[in-house]
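I have placed the structure first, in the form of structure tokens, so that the comments after it can refer back to it.
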Amino acid sequence: MANRGRPAPSVREVAGWIVASVLLIALFAQRTQPCPYVWHGGAPSGEPRGSCWVGNDGYAMCTPSLAIDLVIESGDDAVVLVRRGDNGKYATMGGFVDVGEDPRDAVARELREETALELAAPPLLLGVFGDPRRDPRRHTVSAVYVARTVGKPHPGSDARAVVKVPVAKLRGLDYAFDHAAIIEDYLVWRRRARGTFPRDAEPFRGGAPVSRDSCT
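Here the sequence shown stands for residues -34 to -1, 1 to 182, where the numbers follow mature numbering (1 follows the signal peptide of the UniProt record, and there is no 0).
Here's what the structure looks like:
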């Protein structure tokens, strides 16, 4: 009985499939090609090796890491700083923003994790610090806030100590990263904005909850 099934593909058909597959692979490679890091305005010490994926629109799918820092006011004449656990240097309280997290909520979370303190009122934005050289580990951009807190400070796992420093003694300390510049900007803001900081005895616990499952 004759075989009435599908005939075997011809050499021309096989060659066509191979060519089509090669073209599809080449198209995908063209749309997502790796490119080296390019630093604008300076590079961290010991420039890291690596690559970013770039689409055909030229958009690089790698961006600076977003962080927050917080200058914690303690009354009218002192600031709360942390002593870093790795090198003992002084630093403002801070950390990286999670995917799907509002930076202001990151402030409340990091404050709680690093110092056991709570925000007394919504934090005020002091400025954005983004020099590529500010952090030797990677390019980070930090939204820096000012806030008052309630509670008794207690150092978290990343901090050696939580210390209260009089405003008059903030200059001249051995700061990590670019936190000396953050403190200088704070002192300028303090002179200009004294008396405008909101006073709220009710702890501020961040904004509305965020569902990280909804992030795309």
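Using N, Cα and C, we set each Cβ at its ideal position, and we do this for glycine too.
Helix, strand or coil at residue i according to DSSP, with G and I counted as helix
i	result
L83	coil
S40	strand
F170	Confidence at F170 is low in this model, with a pLDDT of 43, below 50, so the placement of that residue is unreliable and no value is reported for it.
L32	strand
G(-19)	helix
V116	strand
L77	helix
Spatial neighbours of residue i in its chain, beta-carbon cut-off 6 Å, leaving aside the 5 residues before and after
i	result
F143	R100, D101
H105	P30, P98
I(-17)	none
S(-14)	none
G96	V107
Cβ shell of residue i (< 7 Å), same chain only, five flanking positions each side left out
i	result
residue 211	There is simply no residue 211 to check, as the chain begins at -34 and stops at 182 in what is shown.
G60	A33, I34, D35, L36, E76, S108
D151	L92, G93
Residues that residue i bridges to, as DSSP identifies them
i	result
L91	Y111
V128	V48
T106	S31
Span of the alpha helix (DSSP H), counted from its first residue to its last, around residue i
i	result
V154	145 to 159
Residue i: first and last residue of the uninterrupted beta strand (DSSP E) it sits in
i	result
G60	59 to 62
Same chain, Cβ closer than 8 Å to residue i, neighbours up to 5 away in sequence not counted
i	result
T58	D35, L36, V37, I38, L47, V48, V110, H145, I148, I149
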